[in-house]
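Next comes the structure, spelled out in structure tokens:
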């Protein structure tokens, strides 16, 4: 409940408060309601985790791109057309056999919007933000991801304007898959680090 | 408001909840309502800061008692008849020209009941508990007590079962005062450390 | 656990606001809450450490949004349910549906004065020698236990000096969880303000707190 | 300030609970809240640091008891009031009572795509050399500033290693309070789990965070 407090009463109250604020600001000439529509449409339909999945899939098939992504993720990702707000400074962090990465923002909700869209509620909520720096293995196991003690778990706390994109390992059994087929295996959680890329359907 | 959230709605709800719990426990034979009356009467009329004021006043006039209080406060205070719950392990901390002491319990509400009674709401509330270890001088100044930088401020955080009683400095102009007259100058806050003993009326 | 109760050094709670008249109780229910808590403690299911842990285990919204005795009652109710002395059905109906299990331990009104005057001392005799002495430099533990502990977050990892050896006391981290009293040496540790808060410490300030030997290592 | 937002290592918030369907927005007002916040940012009164500080300055009961976009709207309203673009009287009546001051800066719908695609980079050129290099051992500051800071409480006083030098970025502790951008070298610091949590750290875990040079001292 507290994790995502959407009681009916909050809903009604917030609907009224936000409507009042939008009305006032519109009447004052400070905002354009159509601009809000445009922003909402952008994050509902254009900017989301399919962007990130395309980046990951390309990194799996294109060694030059992969090297560029390691060297300067902001530029490499921009070369695919993904730029802007909450993606101004990107760093890609690569999982491996003995290295797992997971991203958090303990202080607010920093998240790489350009490649993942808007963050899910759990990512922005106190349980995840408080626990994952103290007990990442336990949190990951609750996501169904149990890692051996030989795997180093690195938690990236996004305390500045650098945004982190996890590059999961390419699943076995995907030889010959093209980028589009590979991108379908790249879940949003695998790019936060709370999951792995999907195994291909047998 | 949040410092002491006594909204009408909480009052009504709590009255009902507590009454229901007392009824259930009484019917189950687990509590005796007359015992509750007795407990309440004890802390409303018998155990309070007048106990502590008597201890402080005696320490000011009786050097042997003062030495005993420094050596073993639990025994010295018990010798005046003040013993029991939340006073099982006492330590007296003495203010001086260049030493000021102030008591807090950052983790809950530990307080020397036997000599001061039940703690005030502000002592138990987050603002005092959070701030006084970080900025004691600022908190004390809000209580009207501004201390020079040559005075060392020691904050006692009651993290175990030891309870701290501040012995304020004896005010000037009290030569020849007897214990009873001196005790009238010893405020509760002066024994927490958020105040000084009162100056005698001119 | 560094729960909502662990407040030292946190920000955002606003000014300290002493009440105008500072009543001991603000309503009758507060009186009953105090009495109920003390009387139920006499049933012997839990000690002060388990009681504190029940309070600090409340959700932060509840802990920060409730008045003091409301926190007590919520935690007391949870303890009574856990030990099978009150059921959800009884709370819903407001009536007892089964007799109490430990009614033999009921605190009688006539016993109150003695019980309060006796208290519940926490010191215990053990033979193990103290590992630290007055004046020793120690580092407070960085441990972040998932259960009850009395080492505040703000002091963890910090260096201080032993200023008093109190004797051996019940170890709350164990006692709160039914793991026995495990008496442990208890010390007062003096920590400089600058060790806690660097240059943002106020001039010439010190914090002293009580810490069990298991919270300490030589420094 | 170590306000309600400073959550790393705290306890009591319960399990991580992903939603069943994970909608991007849960109600229309959430959409409008996102849009309003971005549009009002374009008025130029505050940057991202002041905006974060407005959210983390909410009382803990409000911060923990509100959903995400409710926190945004409460903080946005406070910022608009502070800068004189909305009055309490307007909020009470639900109507504008005076024209806006910076209506010239209104973000037009046609500009949205460009504004979002451009973002607001935080890197700035300065000539001062970096004080630290890859591999340097550093101690994170113990400072407990009363205003905005991006050094989480759990990392203060801890020792780590520089694993990346990012360049010079706007310093949030200054920018949040209208003290200019004060560009400062930014580093990634790697801290061992055991350095943060002692023996209660999980095996083979590390935290990396980004820290400005003013948060660091040689260790």
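Residue numbers (the numbering used here), protein chains in the order written: chain A, 1 to 202; chain B, 1001 to 1202; chain C, 2001 to 2219; chain D, 3001 to 3219.
For each residue, glycine too, the CB sits at the ideal point set by N, CA and C.
Query: Determine the chain F residues that contact residue 1120 of chain B at a beta-carbon separation under 8 Å, and present them in chain order.; Result: No chain F is present in this structure, whose protein chains are A, B, C and D.
Query: Which residue marks the beginning of the alpha helix (DSSP H) containing residue 2107 of chain C, and which one marks its end?; Result: Here residue 2107 of chain C belongs to no alpha helix (DSSP H), and DSSP marks it neither H nor E.
Query: Can you give the beta carbon distance from residue 3022 of chain D to residue 120 of chain A, rounded, assuming they're within the 8 Å contact cut?; Result: 5 Å
Query: Would you mind sorting residue 3052 of chain D into buried or exposed? The rule is 16 or more other CB atoms within 10 Å of its CB.; Result: buried
Query: Taking contact to mean at least 3 C-beta pairs separated by less than 8 Å, is the region 77-91 of chain A in contact with the region 111-119 of chain A?; Result: yes
Query: Let me make sure I understand the geometry here. Which of B:1144, B:1015 and B:1085 has the alpha-carbon closest to that of residue 2017 of chain C?; Result: B:1144
Query: Have a look at residue 2066 of chain C and residue 2136 of chain C and give me their C-alpha separation to the nearest angstrom.; Result: 41 Å
Query: Looking only at DSSP bridge pairs, what is residue 1167 of chain B linked to?; Result: B:1094
Query: Find out if the Cβ-Cβ distance for the pair residue 3210 of chain D, residue 3166 of chain D is shorter than 8 Å.; Result: yes
Query: Looking only at its chain, what residues have a beta carbon closer than 7 Å to the beta carbon of residue 3049 of chain D, apart from the 5 residues adjacent to it on each side?; Result: 3148, 3172, 3175 and 3176
Query: Between residue 1070 of chain B and residue 3139 of chain D, what straight-line distance do the alpha-carbon atoms span, to the nearest angstrom?; Result: 40 Å
Query: For the alpha helix (DSSP H) that contains residue 3092 of chain D, what are its first and last residues?; Result: 3088-3093
Query: Put residue 2218 of chain C into one of helix, strand or coil per three-state DSSP.; Result: strand
Query: Apart from the five residues just before and just after residue 1178 of chain B, which ones in its own chain have a Cβ nearer than 6 Å to its Cβ?; Result: none
Query: Answer yes or no: does any C-beta atom of chain C fall closer than 8 Å to that of residue 1088 of chain B?; Result: yes
Query: Enumerate in chain order the residues of its own chain whose CB-to-CB distance from residue 57 of chain A is below 7 Å, with the five nearest sequence positions on each side excluded.; Result: 179, 182, 183 and 186
Query: Would you say residue 3059 of chain D reaches chain A, if we count a Cβ-Cβ gap shorter than 8 Å as a contact?; Result: no
Query: Quick check on the DSSP output: the alpha helix (DSSP H) that includes residue 3072 of chain D runs from which residue to which?; Result: 3068-3082
Query: For residue 3213 of chain D, which of helix, strand or coil comes out of DSSP?; Result: helix
Query: Among B:1170, B:1108, B:1133 and B:1062, which has the Cα closest to the Cα of residue 2010 of chain C?; Result: B:1133
Query: Given that residue 3155 of chain D touches chain C, what residues does it touch there, using C-beta distances under 8 Å?; Result: Near residue 3155 of chain D there are no residues of chain C at all, since even the closest Cβ is about 11 Å away, more than 8 Å.
Query: Residue 1075 of chain B to residue 1036 of chain B, Cα distance in whole Å?; Result: 29 Å
Query: Between residue 4 of chain A and chain D, is there a C-beta pair that is closer than 8 Å?; Result: Summary for residue 4 of chain A: the model assigns pLDDT 47, below 50, so the residue's position carries little reliability; its value from the coordinates is reported in the next sentence. Cβ-Cβ to chain D under 8 Å: yes for residue 4 of chain A.
Query: According to DSSP, which residues form a beta bridge with residue 3188 of chain D?; Result: D:3164 and D:3210
Query: When we look at the beta-carbon of residue 3179 of chain D and count the other beta-carbons within 10 Å, is it buried (16 or more) or exposed?; Result: exposed
Query: May I have the straight-line CA-CA distance separating residue 3141 of chain D from residue 3156 of chain D, to the nearest angstrom?; Result: 5 Å
Query: Counting only the same chain and skipping the five closest in sequence on each side, list residues whose C-beta sits under 6 Å from that of residue 3225 of chain D.; Result: This structure cannot speak to residue 3225 of chain D, because chain D is shown only from 3001 to 3219.
Query: What does the Cβ neighbour count give for residue 3134 of chain D, buried or exposed, with the cut at 16 atoms within 10 Å?; Result: exposed
Query: By how many angstroms is the C-alpha of residue 3062 of chain D removed from the C-alpha of residue 1002 of chain B?; Result: With a pLDDT of only 43 at residue 1002 of chain B, under the threshold of 50, the placement of this residue in the model should not be trusted; the figure read from the coordinates follows. Between residue 1002 of chain B and residue 3062 of chain D, the C-alpha separation is close to 10 Å.
Query: For the region 3001-3014 of chain D, enumerate the residues whose C-beta is nearer than 9 Å to any C-beta of chain C, in chain order.; Result: 3001, 3002, 3003, 3004, 3005, 3006, 3009, 3010, 3011, 3012, 3013 and 3014
Query: Between the beta-carbon of residue 3106 of chain D and the beta-carbon of residue 31 of chain A, is there less than 8 Å?; Result: yes
Query: How about residue 1103 of chain B and residue 1043 of chain B: do their beta carbons lie closer than 8 Å?; Result: no
Query: How far does the alpha helix (DSSP H) with residue 3059 of chain D in it extend, from its first residue to its last?; Result: Counting along the chain, residue 3059 of chain D falls outside any alpha helix (DSSP H), and DSSP gives it neither H nor E.
Query: Can you pull out the residues from the region 3173-3203 of chain D whose beta carbon lies closer than 9 Å to at least one beta carbon of chain C?; Result: 3194, 3195, 3196, 3197, 3198, 3199, 3200 and 3201
Query: Kindly list the residues whose CB is nearer than 6 Å to the CB of residue 47 of chain A, restricted to its own chain and excluding five residues on each side of it in sequence; keep chain order.; Result: 117
Query: Just to confirm my understanding: we take residue 2212 of chain C, look at its own chain, exclude 5 residues before and 5 after, and list those with CB closer than 6 Å. What are they?; Result: 2171, 2184 and 2186
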